[in-house]
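J.:
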Amino acid sequence: MNAVIARITYRALLGRRRVLLLALLPVVLLLLAVAFRAGNGDATENLLDHFGVAALLPLVALIVGTGVLGAELEDGTAIYLLATPTPRSAIVTTKFAVAAVVTVAFTAIPEFLAGVIAFPDRTRLSVAYAVGTAVGAVVYVAIFLALSVATRRAMAVGLIYVLVWEGLLASFVSGIGVLSVQQYSLSIAKAIAHAGDEIPANVSLAVAIPMLLVVIVVASRLAVDRLSGYRISGEPG
Amino acid sequence: MITDQRGAAARYRQAVPVIETVGLTKRYGPITALDSLTVAIEPGIVGLVGANGAGKSTLIKVLLGLLDPSAGGATVLGHDIVTAGEQVRSMVGYMPEHDCLPPDVSATELVGHLGRVAGLPRAAARERTAEVLRHVGLYEERYRPIGGYSTGMKQRVKLAQALVHDPQLLLLDEPTNGLDPAGRDEMLALVQRTGTEFGMAVVVASHLLGELERICEHLVVVDAGKLRASDSIASYTRTQQLLAVEVDGGAPARDALAARLTESNIHADVDGRALVLALPPDDEAAMYDAVRDTVADLGLALLRLEQRRHRLSDMFSEPRADHGRQSEQGQAAGV
Amino acid sequence: MSESVIYDIGYQRYDGQRLGRRSAVVSLYLHGLRGVFGLGRPARSKVLPWLVVAIMFVPVIVLIAVMSRTGTQVERYDFYPIQLQAPLAIFLAAQAPELLSRDQRYQVLPLYFSRPIRRSDYALAKLAAMVTAMFALIAGPLFVYWLGSIATISHHPGDARHQTAQFALGLANGVFHAILLGALGVVIAAFARRRAFATAAVIGVYLITSAVAGALSGLPNNNGRFGQLFSPFTLLDGLRVWLLHGKVIDENAVPSAAYGIVSVAFVVVFVLVLLRRYRTIAT
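Keeping their order, the protein sequence lines are chains A, B and C.
Start counting at 1 in the first sequence, then tack on 189, and there's your number in the numbering used here.
Start counting at 1 in the second sequence, then tack on 423, and there's your number in the numbering used here.
Start counting at 1 in the third sequence, then tack on 20, and there's your number in the numbering used here.
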């Protein structure tokens, strides 16, 4: 962990305009929560899962995860970072930590607040979803960070993963859930919530936890390896 | 290498000024990029010279309609830039200063496409593209994607797209940007050939005086958005002799000498530590004597008394607030 | 180092025909349309658009095979866009930036704006190219199916008429989809220099609005159905049901004139914002 890199990354991520964009999405979630409260809605799934976990979480994680290192790599300014004696693993760890914290702040906390606002008497459910979201945020960020080092088109690949893999296929093919970050989140949420709460997770906890740990470790290793061999090209293609 | 101006002018199609501006002004909030610029640019190869940020690119962009003027007006080839912008753009070719080429298409594709957007029919666009790319010196490379070109080749592509629709006026913004010395020579030769052979009016904007000296017949000098001078090269480099006088004692001594000379009706310009005065062609000796006597009267020590030919860069060396720019131009003028 | 010797053939002047603004705009439109499908670009740019084209044709091929086997024909042609939302959204997200953001990224705009076209011409030509492409994606497969259905109809002229009428409705539906989706994708891409951002923004809008519509549909008493007005595909589907008397898929939707008004309003806003963007963009 490197405090200087962390500080610079925070400032770059939360620079004025981007913060507005990032904040927009959780605000929509909160507005929806208010609408739910006003309309006495009780379909928790729609709000906290379909919007919170399936839309808000992946998008914010994508923007933050690919932006935290990917932007520097793409426009070539990463050379200033890579030319320092800081070990690549420290760079990756720091960036990962910053990205994870920011993503959790913009997804899990709003998720919790939304749950509390919309369904005030089901606090445990809100906590469950929030924790699931937080875990999902960490896993997503690991994946997207690794992607941003491995390929130029990290954003596109990430979108395909979210839209096609987790969105389209997961609703048709049930086995896919084993490799779906959203399913890990949901399965953790289910474990924390009351037995009676319906949380649509179709992967068991016993599978989800090891899988997500494996994903985090593999992604981090990939990121460090790729970064160690990284060559900055002269001009973007 | 100044071509015969009379002969060249006779070959040009239009006898009227190609560009006329009247009080042209462009403001960006507190910054004034063009300050009430009034100038008439004649046909021929004209240099638009000034330091970086002097307003050359802004002037070109305003003339093309890429920027709207804050005040004043201008006509290009007889058409008003605001009300007849399309006519202007159909007759003008523009070579921007910055990188403006997409990397994933070939030169042939890009220039052909831009030719069509300039109004050429399809077959003509294809033919003109081939001709113009040949003219600028791109052969087999023209089928490869532009991303793999060297800087020299990219500059040629930029020139080619400005020429493809056979404009009557070419506006070139820093055409030798990023080129090595050999590349510069080739580009300048290309520009000169294009301008002189077929009567196309050319305006070349550059901060490099030395290059413009070589190919232009006429120079327009801009500084901080204002017009400083507009004259033919010949008149700038007239062979009037100059005398440089340097005395010991720093600025006070120099200024005291200048003041005393002024009292005797001798005008002296400051040039660094020295004073520069004009030698009257018919009576040089008298001037030498006058200077010697004045220096002696003041009791100053004479360090240097030197003859000098009028240099193009002298027009920049009037005393001004930013000496930084002054010295930059002094260096850039070295040919 | 000099790359090539200049054989001085000399510069030729051009005294031929000069077509006006209209020809220039048409060539800009055609160039954009080709670019959207990756024609005239390296092979890498062709992968995604043609992959989507293939995906769009797959259901139709299957249906034709079914038709030739069992003779059963499709009742309606107008479900096509909404069932294939994802490929259409992906196409839009990937190709609108190719059309618009690319020129901004490489600062090619001065080369266009110094030519005898207006800035609005440029923006509208690009918009038209995207709308045409979206329409082709929807209408192409429908056309093929219709041909197939006409070819296999043997003795039932009534069926032929029905198929053709449905095909026409399907085309009309396709037009509405192409216009709204095209305008949405183009206006988003016009504000992004980096193509990846534009792609993410388009997908983001699609995801978020769908999710909002979905979330709101969870409100009791169908209170949340106004959310459908703000998600492109549900909005267009409602338009289909209301205007074209299409068959209702989503029971929660209550189509009304609101769908028509909102659709038109969105398109108008998108186009105005697009024009303003290119009027004020820095060169």
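All C-beta atoms, glycine included, are put in the ideal place defined by N, C-alpha and C.
Against chain C, with Cβ distances strictly below 8 Å, would Asp491/B count as a contact?
T.: No, because no Cβ of chain C sits closer than 8 Å to the Cβ of Asp491/B.
J.: What does the alpha-carbon distance come out to for the pair Leu251/A and Leu482/B?
T.: Looking at the two C-alpha atoms, the distance is approximately 44 Å.
J.: Please return the same chain residues whose Cβ sits closer than 6 Å to the Cβ of Ala293/C, not counting the five positions on each side in sequence.
T.: Per the sequence presented here, residue 293/C reads as Val, with Ala not at that position. The answer, listed in chain order, is Val207.
J.: With burial defined as no fewer than 16 other Cβ atoms inside 10 Å of the residue's Cβ, what is the status of Arg42/C: buried or exposed?
T.: With fewer than 16 Cβ atoms within 10 Å of its Cβ, Arg42/C is classed as exposed.
J.: Three Cβ pairs or more, each shorter than 8 Å: is that satisfied between the segment 143–152 of chain C and the segment 175–189 of chain C?
T.: Cβ pair count under 8 Å is below three, so no.
J.: Which same chain residues, not among the five before or five after Gly60/C, have their C-beta less than 7 Å away from its C-beta?
T.: Result list for Gly60/C: Arg54, in chain order.
J.: Tell me whether Pro299/A is buried or exposed, calling it buried when 16 or more other Cβ atoms sit within 10 Å of its Cβ.
T.: When all chains shown are included, Pro299/A counts as buried.
J.: Please name the residue or residues paired with Arg731/B in a DSSP beta bridge.
T.: Paired residue(s): Leu665/B.
J.: Between Leu236/C and chain A, is the shortest Cβ-Cβ distance under 8 Å, so that the two count as touching?
T.: Leu236/C counts as touching chain A.
J.: Counting only beta-carbon separations shorter than 8 Å, does Gly495/B have a partner in chain C?
T.: Chain C, which has no Cβ nearer than 8 Å to the Cβ of Gly495/B, makes this no.
J.: If you run the structure through DSSP and keep just helix, strand and coil, what is Leu594/B?
T.: Correct three-state label for Leu594/B: strand.
J.: Hey, quick one: how far does the beta strand (DSSP E) through Ser458/A stretch, first residue to last?
T.: The displayed coordinates of chain A run from 190 to 426. Any statement about residue 458/A would go beyond what the structure contains.
J.: So with CB distances below 7 Å, who are the chain B contacts of Ser121/C?
T.: Result: empty, since nearest Cβ-Cβ is about 11 Å, beyond 7 Å.
J.: Please classify Leu726/B: does DSSP put it in a helix, a strand, or coil?
T.: Correct three-state label for Leu726/B: strand.
J.: Which residues of chain C have a Cβ atom closer than 7 Å to the Cβ of His239/A, listed in chain order?
T.: The contacting residues are Ala231, Gly234, Ala235.
J.: Counting contacts by CB-CB distance shorter than 8 Å, is Val217/A in contact with chain C?
T.: So yes, Val217/A belongs to the interface.
J.: Using the C-alpha atoms, what's the distance from Ala221/C back to Val190/A?
T.: The question names Val, but residue 190/A is Met in the sequence shown. If you take the alpha carbons of Met190/A and Ala221/C, they lie about 32 Å apart.
J.: Taking Cβ positions only, does Ala63/C come closer than 8 Å to chain A?
T.: Answer no: the Cβ-Cβ gap between Ala63/C and chain A never drops below 8 Å.
J.: Return the chain-ordered list of same chain residues with a C-beta closer than 6 Å to the C-beta of Ser22/C, the five sequence neighbours on each side being excluded.
T.: Caution applies to Ser22/C, whose pLDDT of 48 falls short of 50 and renders its modelled position unreliable; the model cannot decide the point.
J.: Are the CB atoms of Arg651/B and Val645/B nearer to each other than 8 Å?
T.: A contact, by the Cβ cut-off of 8 Å.
J.: By alpha-carbon positions, which one of Glu355/A, Leu221/A, Arg410/A, Thr198/A ends up nearest to Val232/C?
T.: It is Leu221/A whose Cα lies nearest to the Cα of Val232/C.
J.: Going by beta carbon distance, what residues of the same chain come within less than 7 Å of Pro389/A, once the five residues before and after it are set aside?
T.: Glu234, Asp238, Leu375, listed in sequence order.
J.: Classify Glu424/A as buried or exposed, calling it buried when 16 or more other Cβ atoms lie within 10 Å of its own Cβ.
T.: Confidence in Glu424/A is poor, its pLDDT being 45 and thus under 50, which makes the residue's placement too unreliable to answer from.
J.: Would you be able to state if there are at least three C-beta pairs under 8 Å between the segment 503–511 of chain B and the segment 112–131 of chain C?
T.: Not touching, per the Cβ criterion.
J.: Kindly indicate the opening and closing residues of the beta strand (DSSP E) around Arg420/A.
T.: That residue, Arg420/A, is in no beta strand (DSSP E); it is neither H nor E in DSSP.
J.: When the distance is taken between beta carbons, is Leu214/A closer than 8 Å to Leu270/A?
T.: Result no, Cβ atoms of Leu270/A and Leu214/A do not sit closer than 8 Å.
J.: Closest Cβ-Cβ distance between Arg434/B and chain C: below 8 Å?
T.: Only weak support exists for where Arg434/B lies, its pLDDT of 45 falling under 50; the value from the coordinates is given anyway. It does not: the Cβ of Arg434/B has no partner Cβ on chain C nearer than 8 Å.
J.: Check whether the Cβ atoms of Asp589/B and Tyr34/C lie closer than 8 Å to each other.
T.: In contact: Asp589/B and Tyr34/C (Cβ atoms closer than 8 Å).
J.: Just the Cα atoms here: how many angstroms apart are Ala294/A and Phe211/C?
T.: The alpha-carbon atoms of Ala294/A and Phe211/C are separated by roughly 27 Å.
J.: DSSP on Ile170/C, reduced to helix/strand/coil?
T.: Correct three-state label for Ile170/C: helix.
J.: Pull the bridge partners of Glu443/B from the DSSP assignment, please.
T.: Bridge partners of Glu443/B: Ala463/B, Thr498/B.
J.: On the DSSP letters alone, give me the boundaries of the alpha helix (DSSP H) that Leu581/B sits inside.
T.: In the sequence as presented, Leu is not what sits at residue 581/B; that position holds Lys. Here the alpha helix (DSSP H) through Lys581/B covers 574–586.
J.: Need the endpoints of the alpha helix (DSSP H) that Val257/A sits in, please.
T.: Unbroken alpha helix (DSSP H) run through Val257/A: 246–264.
J.: Looking only at its chain, what residues have a beta carbon closer than 6 Å to the beta carbon of Arg731/B, apart from the 5 residues adjacent to it on each side?
T.: Cβ neighbours of Arg731/B beyond the five flanking positions: Leu665, Ala667.
J.: Which residues does DSSP list as the beta-bridge partners of Ile468/B?
T.: In the DSSP output, where bridge partners are listed per residue, Ile468/B has Val625/B.
J.: How many whole angstroms separate the CB atoms of Tyr132/C and Tyr142/C, which I take to be in contact at a CB cut-off of 8 Å?
T.: That belief holds up - the Cβ atoms of Tyr132/C and Tyr142/C are roughly 6 Å apart, short of 8 Å.
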